[in-house]
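The sequence shown begins at 3 in my numbering and counts up by one.
Virtual Cβ for every residue (Gly too), placed ideally from N, Cα, C.
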Amino acid sequence: MKLLHVVGARPNFMKVAPVLRAGAAAGGVAQLLVHTGQHYDPAMSDSFFQDLGLPTPDENLGVGSGTHAEQTARIMLAFEPVLDRHAPDWVVVYGDVNSTVACALVAVKKGIRIAHVEAGLRSRDRTMPEEINRILTDQLADLLLTPSRDGNENLAAEGIPAERVRLVGNVMVDTLLRLRGAAAEREMPRKLGVEGSDYAFVTLHRPSNVDDRDTLAELLGALNDLGTRMPVLFAVHPRTRRRIGEFGLPLPNGPVRLLDPLGYLETVGLVDRAALVLTDSGGLQEETTVLGVPCLTARPSTERPITVTEGTNRLVASRRESIGAAVAELITRRTGGGFRPSRPEGWDGHAGERVIAALRDPRTTVTATS
Ligand code: UD1
Numbered sequence: 003m004k005l006l007h008v009v010g011a012r013p014n015f016m017k018v019a020p021v022l023r024a025g026a027a028a029g030g031v032a033q034l035l036v037h038t039g040q041h042y043d044p045a046m047s048d049s050f051f052q053d054l055g056l057p058t059p060d061e062n063l064g065v066g067s068g069t070h071a072e073q074t075a076r077i078m079l080a081f082e083p084v085l086d087r088h089a090p091d092w093v094v095v096y097g098d099v100n101s102t103v104a105c106a107l108v109a110v111k112k113g114i115r116i117a118h119v120e121a122g123l124r125s126r127d128r129t130m131p132e133e134i135n136r137i138l139t140d141q142l143a144d145l146l147l148t149p150s151r152d153g154n155e156n157l158a159a160e161g162i163p164a165e166r167v168r169l170v171g172n173v174m175v176d177t178l179l180r181l182r183g184a185a186a187e188r189e190m191p192r193k194l195g196v197e198g199s200d201y202a203f204v205t206l207h208r209p210s211n212v213d214d215r216d217t218l219a220e221l222l223g224a225l226n227d228l229g230t231r232m233p234v235l236f237a238v239h240p241r242t243r244r245r246i247g248e249f250g251l252p253l254p255n256g257p258v259r260l261l262d263p264l265g266y267l268e269t270v271g272l273v274d275r276a277a278l279v280l281t282d283s284g285g286l287q288e289e290t291t292v293l294g295v296p297c298l299t300a301r302p303s304t305e306r307p308i309t310v311t312e313g314t315n316r317l318v319a320s321r322r323e324s325i326g327a328a329v330a331e332l333i334t335r336r337t338g339g340g341f342r343p344s345r346p347e348g349w350d351g352h353a354g355e356r357v358i359a360a361l362r363d364p365r366t367t368v369t370a371t372s
């Protein structure tokens, strides 16, 4: 069996790692790794390859940034000859970024089977580019590998036949559990002078939050308010840094520290010890749930509702006042006993093996365990 794995952007890298490892351990599985180059800065890409122990990609398409149409089109054009050259049995795509849908669209027209890892998630917010990517990729895929049962339910509601869908669990949790110890060894809280004290860890990069001046100003105001309660470590995505500059917004200061984008181990090491996380990321909603760290997600909806119903996540409006109220409530709840780490079904460190089992025999039922 020959697998061609496609990754492009930061959140893909921790998802492919356990599948590559499981494929290598299984024997009889030839694997190729293609990086579209959607993310290209060393801090957004290379450092993740190092932290995760990923092999150098067999192909790097070097597509870089652009509008959605430009980026998607460039990925498709560059991916087609790669697919012709390697003729895999399966193209395996991950998550919901532009690289995911672009490569699935190329593969389906060539009659090459597609497996989608992290299928079935839905925010029901079509203004999110990722929601469009999820819906289209799931329509194209032959094998839909879901991280949680709500994914299976969403796909059934869209008329996707159950025999194409497998609940394999959460591959990102495989990586988190494998590398949590290595992340702690980086001693990031000590290096940033917050060891032993409450601090908040923040990431914000969604277009809906950072591409609108008023919303971004509200969020930066919320960070200044949060800074009056505890030190705030804000890892700033390149998109966000650019927008702050373009809008001429004052940078938060004092107890709010702006950091360059962090590597995987640095991030996990800081999240694991944080008093709270404020984010609009998809992955951090899941990681905080597993680590038992309270998370406020500055978005109106989530494609990962299990992190709210079973985990530590709570949605909050991207307004200064709403975030302030949510933070106050969290602090009260923490002193009253706090959160326990939660492991939804199949978030057990073995999802990568179940992905490989499903690919080897798509007709066999592979069931995730709690
Ligand atoms: C992409 C994904 C998003 C994911 C995020 C993680 C899509 C539609 N969005 O959003 O789901 O949560 O990655 O980071 O695929 N840039 C750099 N260096 C880089 C990459 C990007 O400076 O290595 C800057 C460029 O100015 C670029 C902007 O960030 O225009 C946005 O990058 P892009 O890949 O379009 O989307 P993200 O916002 O990173």
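By the Cβ-count criterion, THR129 is exposed, with fewer than 16 other Cβ atoms from all chains shown falling within 10 Å of its own Cβ. CA-to-CA, the gap between ALA353 and PHE249 works out to about 42 Å. Beta-bridge partners of GLN33 (DSSP): LEU5. Every alpha helix (DSSP H) of 4 residues or more that sits fully in the stretch 101-186 is shown, in chain order, as 131-142 and 151-159. By the C-beta density criterion, THR74 is buried, having at least 16 other C-beta atoms within 10 angstroms.
By the 16-neighbour rule on beta-carbons within 10 angstroms, GLN52 is exposed.
Note: LEU235 is bridge-paired with PHE203 and ARG259 in the DSSP secondary-structure output.
Not one heavy atom of ligand 1 sits closer than 7 Å to the Cβ of HIS352.
If only complete runs of 3 or more residues are kept, the stretch 282-323 shows the beta strand (DSSP E) at 297-299 and 315-317, in order along the chain. Between GLY153 and GLY348, the C-beta spacing is not below 8 Å. Taking one beta carbon from each stretch, the stretch 329-349 and the stretch 154-168 have fewer than 3 pairs nearer than 8 Å; the two do not touch. Taking C-alpha positions only, LEU147 is separated from VAL21 by approximately 12 Å.
Closer than 7 Å to some heavy atom of ligand 1: that does not describe the Cβ of ARG136. Secondary structure of TYR96 (DSSP, three-state): strand.
Taking C-beta atoms as the reference points, PRO296 and LEU278 count as a pair closer than 8 Å.
Setting aside the 5 residues that flank it on each side, ASP86 has no residue in the same chain whose C-beta is closer than 7 Å to its C-beta. Annotated three-state conformation of LEU278 is strand, per DSSP. DSSP lists HIS37 as the beta-bridge partner residues of ASN62. Here the distance from the Cβ of SER47 to the nearest heavy atom of ligand 1 is below 7 Å. The beta carbons of VAL31 and MET3 sit closer together than 8 Å. Look at PRO13 here: in three-state DSSP terms it is helix. One alpha carbon belongs to PHE236, the other to GLY122, and they sit about 31 Å apart.
Around the beta carbon of ASN14, 16 or more other beta carbons sit within 10 angstroms, so the residue counts as buried. Within 10 angstroms of the beta-carbon of ASP262 lie fewer than 16 other beta-carbons, which makes it exposed. The DSSP-derived three-state label of LEU22 is helix. With 16 or more neighbouring CB atoms inside 10 Å of its own CB, HIS207 falls in the buried class. At least one heavy atom of ligand 1 lies closer than 7 Å to the C-beta of GLU132. Using a Cβ distance threshold of 8 Å, LEU6 and TYR266 do not count as a contacting pair.
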